[in-house]
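**Student:**
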Amino acid sequence: MKIKSKLSTIIQKALNNANIETSDIVISDATKPEFGDYQFNGIMKLAKQLRKNPREIASTVIEKIDTTNIIEKVEVAGPGFINIWLSNKWLANEATDILDDPRVGVGFVEKPQKVVVDYSGPNMAKQMHVGHLRSSIIGDTIATLLEFLGNDVIRQNHIGDWGTQFGMLIAYLEEQGADGNQNLKDLEQFYKDAKKRFDESDEFANKAREYVVKIQQGDPHCLELWQKFIDISLQHCEDVYKKLSVKLTRDDVRAESFYNPRLPKVVETLQNRGLLVDSNGAKCVFLDGSDVPVIVQKGDGGYLYATTDLAGLEFRAKDLKANRICYVVDARQGEHFKQVFTIAKKADMVDNSVQLEHIAFGTMMDKSGKPFKTRDGGTVKLIDLLDEAVIRAKETIKQRNTHSQEELDKVANAIGIGAVKYADLSINRESNYLFSWDKMLSFDGNTALYMQYAYARIGSIFRKYDGELKGQIIIDDEIEHRLALIILKFEDTLLKASKEATPHTITSYLYDLVTIFMKFYEQNPILKDDIEPDIKMSRLLLSKLTANVIKKGLDILGIEVVDKI
RNA sequence: GCACUCGUAGCUCAGCUGGAUAGAGCACCCGCCUUCUAAGCGGGCGGUCUCAGGUUCGAAUCCUGACGGGUGUACCA
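Each residue of the first sequence is one higher than the one before, starting from 84 at the first, in my numbering.
1) Classify threonine 590 as buried or exposed, calling it buried when 16 or more other Cβ atoms lie within 10 Å of its own Cβ.
2) With a threshold of 6 angstroms on Cβ separation, who are the neighbours of valine 323 within its own chain once the five nearest residues in sequence on each side are excluded?
3) Within the chosen definition, does the stretch 354-366 reach the stretch 376-392 through at least 3 CB pairs nearer than 8 angstroms?
4) Using the rule of at least 16 other Cβ atoms within 10 Å of the residue's Cβ for burial, across every protein chain shown, is leucine 90 buried or exposed?
5) Residue range of the alpha helix (DSSP H) that arginine 292 falls in?
6) Are the Cβ atoms of isoleucine 220 and lysine 477 separated by less than 8 angstroms?
7) Can you tell me which of the three DSSP states phenylalanine 369 falls into?
8) Alanine 178 and isoleucine 557: beta carbons closer than 8 angstroms?
9) Which value, in whole angstroms, describes the spacing of the CA atoms of threonine 425 and isoleucine 618?
10) Tell me whether glycine 417 sits in a helix, a strand or coil according to DSSP, three-state version.
11) Would you identify the three-state DSSP class for glutamine 380, choosing helix, strand or coil?
12) Would isoleucine 474 be called buried (16 or more neighbouring beta carbons within 10 Å of its own) or exposed?
13) For valine 412, is the classification buried or exposed, using 16 other Cβ atoms within 10 angstroms of its Cβ as the cut-off for buried?
14) Since leucine 524 and threonine 479 are thought to touch, with beta carbons under 8 angstroms apart, how far apart are those beta carbons, to the nearest angstrom?
15) Could you please give me the residues that DSSP links to phenylalanine 444 through a beta bridge?
16) For phenylalanine 526, count neighbouring C-beta atoms within 10 Å of its own C-beta (all shown protein chains included) and say buried if the count is 16 or more, exposed if not.
17) Does the beta-carbon of isoleucine 480, which I'm using as the reference point, lie nearer than 7 angstroms to any heavy atom of the ligand ATP?
18) With the cut-off set at 8 angstroms, would you say leucine 387 and valine 379 are in Cβ contact?
19) Between the alpha carbons of glutamate 397 and valine 433, how many angstroms are there, rounded?
20) I'd like the span of the alpha helix (DSSP H) that includes aspartate 470, first residue to last.
21) Going by beta-carbon coordinates alone, are tyrosine 274 and lysine 209 separated by less than 8 angstroms?
22) So, at 8 angstroms on beta carbons, what are the nonlocal neighbours of lysine 330 in its own chain, with the 5 sequence-adjacent residues on each side left out?
23) Give me the residue from Glu440, His419, Phe420 and Lys421 with the minimum Cα distance to asparagine 406.
24) Report buried or exposed for alanine 472, applying the criterion of at least 16 other Cβ atoms within 10 angstroms of its Cβ.
25) Please classify lysine 87 as buried or exposed, where buried requires at least 16 other C-beta atoms within 10 Å of its C-beta.
26) Apart from the five residues on each side of it in sequence, which residues of its chain come closer than 6 angstroms, Cβ to Cβ, to aspartate 201?
27) Suppose the cutoff is 8 angstroms on Cβ atoms and the five residues either side in sequence are ignored; what does the same chain contact list for threonine 391 look like?
28) What are the boundary residues of the alpha helix (DSSP H) that includes arginine 337?
29) With a CB to CB cut of under 7 angstroms and the five nearest residues on each side skipped, what residues in its chain are close to asparagine 548?
30) Is DSSP giving tryptophan 520 helix, strand or coil here?
In structure tokens, the structure reads:
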């Protein structure tokens, strides 16, 4: 339900009827319950323009506000705020209407866009590590969210499958012969072993260099080995995606190497547009205000990542015909994206109407505030981190002793993985964030577990009640009013989250929803003997709706719910 | 040096396209289970929103500057 937009329309009409001209009506959530459900703060500004007393204007305006349906009452408060209370009856009817709606009241956007979301982007030479975690889950959430709202989303996994280190890896793979496949199980070790050989043996090092050239020239044997290597490495990533419930598949892979044939054309285009300058042998673009160039071709003829990204931008805009292109990449690359976005538009590789966005995120820190590493300073493998999350989750729920072994595995998986993802998604993505097992696996506060627990509690109600679910929601008190209202705010929340690409908007919402539900649950008994049948049904329906929103909300975040904890 | 970014309760974080007395969780203290999952709920304690100016009827929010932390800055990605 787009409540804010409905209220804007009503206020707009009221202002028109009061002969006041204005353009943008911004409706805000009320800052406190005493101030109603929503407020309109624009009167003070208008009063200034009209050189009139704001309270007087507000009083005139509220006379004109239509209170026959959505709005229960309005009030002038303070220097000229208009506070708005929604009607219980309206909330109850709207909530009842979406009981069987799988979208829980969320519509489709009016103008669907074609959106490319570029995320995850692992390097094929190494195993996925914690550095890939944020991009993978933030990107997946944004893609899922945009898709759910009705946009045409194209996921792009820009995997690193090209570069000098591959010569070394492939040479080593060949040297290992049949054992190569076996040894590739541990990519990290394989890389280390190859590097060791490279450093020890000149003969091997030379061979590795030869292989780089051979791959680039398209030597069939080398390409075959390379392909084999990429397949196995990609399989590792897919194992991680599966464990993480990240929806990326092989169809979404658009590797770095894909753009190789297009790189000379990028340089040519820039040349033709007169953007290219030769500097110290390298081909560069100088953007105004900076002495430091963006290099697109090295002195030795090699290309750089700016070149690849430019080719990617052009491909996405022209071939994929995207209206919006989102790069879910570490904040440290902010300058790089600013540069390539500017160049791409200047060179008409991307039309001006295309929205280019760097969805930046901060670094994952450990308890002491330093970048997250293993005890000996190495990078933490993602798969290890996830396994540990599940083990820890299992420890915490074992005490309950309510599950069979099979259930325990399933529940621990949902809770452990959910905890890791939620902890990441629930903070403003642009700031660095502190990774804490204790915090993320707590039942208290804004955690996945708290949401999952609420869902399970509702599940418990319905295990006890197995009658029909049919009837009308009746709003009887303050807490039911708040619960119905927040359920109907789901769409406004998702719209905000998609506009700003901020998953934490969704987690904050879910936390508020669940907090209100928990209060409702404490205050308003449902299955007690002395509850009137229509009240009982209404409360059951409100619980059911709450569960539906929790489930859908967590689903967008890529987190599973369980019926029992 | 220059650019970007952050600075809110003891800790971790919301709030930032200007609005009313700045909010949560953790920690600490006090209550509530013969009652739908107490891994819950209620109450209390806790603040010069880094500092100084400015714009405004109104600033945590916008502007300028200072201080402090992080990051990036020519042939890696």
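Cβ atoms here follow ideal geometry from the backbone N, Cα and C, with glycine treated the same way.
A quick note: this is a predicted structure, and the numbers were derived from the prediction, not measured.
**Tutor:** So, to answer that:
1) Around the beta-carbon of threonine 590, 16 or more other beta-carbon atoms lie within 10 Å, marking it buried.
2) Once the five neighbours on either side are set aside, the close Cβ partners of valine 323 are Met211, Leu465 and Ile466.
3) By the C-beta criterion, the stretch 354-366 is judged to be in contact with the stretch 376-392, since at least 3 inter-stretch pairs fall below 8 angstroms.
4) Buried is the call here.
5) Run containing arginine 292: 285-300, per the alpha helix (DSSP H) assignment.
6) No.
7) In this structure, phenylalanine 369 counts as coil in the three-state DSSP scheme.
8) Not closer than 8 angstroms, so no.
9) A straight-line Cα-Cα distance of about 60 angstroms links threonine 425 and isoleucine 618.
10) Residue state, collapsed to three classes: helix.
11) If DSSP states are grouped into helix, strand and coil, glutamine 380 belongs with the strands.
12) By the Cβ-count criterion, isoleucine 474 is exposed, with fewer than 16 other Cβ atoms from all chains shown falling within 10 Å of its own Cβ.
13) Burial call: buried.
14) Indeed, because the Cβ distance is near 6 angstroms, the residues count as touching under 8 angstroms.
15) When DSSP reads this structure, phenylalanine 444 sits in a beta bridge with Asp413.
16) Residue environment: phenylalanine 526 is assigned as exposed (fewer than 16 neighbouring CB atoms within 10 Å of its CB, all protein chains considered).
17) Looking at this structure, you won't find the ligand ATP or any other ligand, since it has none at all.
18) It is a contact, given that the beta carbons lie within the stated cut-off.
19) Cα to Cα, the separation comes out at about 6 angstroms.
20) Element bounds for aspartate 470: 465-481.
21) In contact: tyrosine 274 and lysine 209 (Cβ atoms closer than 8 angstroms).
22) Answer for lysine 330: Asp223, Ala226, Thr227, Arg238, Tyr324 and Gly641, listed in chain order.
23) Ranked by Cα distance from asparagine 406, the options Glu440, His419, Phe420 and Lys421 are led by Glu440.
24) By the 16-neighbour rule on beta-carbons within 10 angstroms, alanine 472 is buried.
25) Around the beta-carbon of lysine 87, 16 or more other beta-carbon atoms lie within 10 Å, marking it buried.
26) Result list for aspartate 201: Gln239, His241 and Tyr410, in chain order.
27) So the qualifying residues of the chain are Glu339, Tyr342 and Leu346.
28) Per DSSP, arginine 337 belongs to no alpha helix (DSSP H) and is neither H nor E.
29) Residue 548 is actually tyrosine in this sequence, not asparagine. Contacts found: Leu610 and Leu623.
30) Assignment of tryptophan 520 by DSSP, reduced to helix, strand and coil, places it in the helix class.
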